[in-house]
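Worksheet: one structure, shown below.
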Amino acid sequence: MPNKNYSNQSDFFEQVYQVVKLIPEGRVTSYGAIGAFLGAARSARVVGWAMNNAHSLSSPVPAHRVVNRNGLLTGKAHFSTPSRMQELLESEGIKIDTDKIVDFKHHFWDPVEELKL
DNA sequence: ACTTTGACTATAA
DNA sequence: GTTATAGCCAAAG
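Numbering (my numbering), first residue to last: 19 to 135.
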């Protein structure tokens, strides 16, 4: 699945969305982990940009399960309401303290480990 | 075609 | 533990 050969530009975005959709409920991952899985380890910011663009997608993407590597809800401001992201995560059993995921390591879902073949 | 921007990260102090 | 700095790279302006 990690396809470094992006013949179409939008394929990179597509890959990102695919991975995000594979994140199980109650689990979270980081932008960098997704980038690493896609073979673009240093493109974490681009992954974030892809999330920002995820609005224009027809199929919904659970972007609330993607946070930065500290477990901080950096993208909450981009949701319909700033509290939306936290609410969604809490509804999946994840606790949040001051915009930060409690016991982040325990909830972390690494696509490189979980999706490797 | 060039410059700016950003839902990031690693490193240094 | 913290803050500051510098790489990073694709999309937007």
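Backbone N, C-alpha and C define an ideal beta-carbon position, used for all residues, glycine too.
Within 8 angstroms, strictly: CB atoms of I52 and V79: no
Beta-carbon contacts of F31 that lie in its chain and below 7 angstroms, excluding the five residues immediately before and after: A68 and N71
Proximal residues to R45 (C-beta, below 8 angstroms), its chain only, five neighbours per side dropped: R83, H125, F126 and W127
Whether I114 touches L107 by CB criterion (8 angstroms): yes
Completely contained alpha helix (DSSP H) runs for the region 28 to 106, where each covers 4 or more residues: 28 to 40, 49 to 55 and 62 to 71
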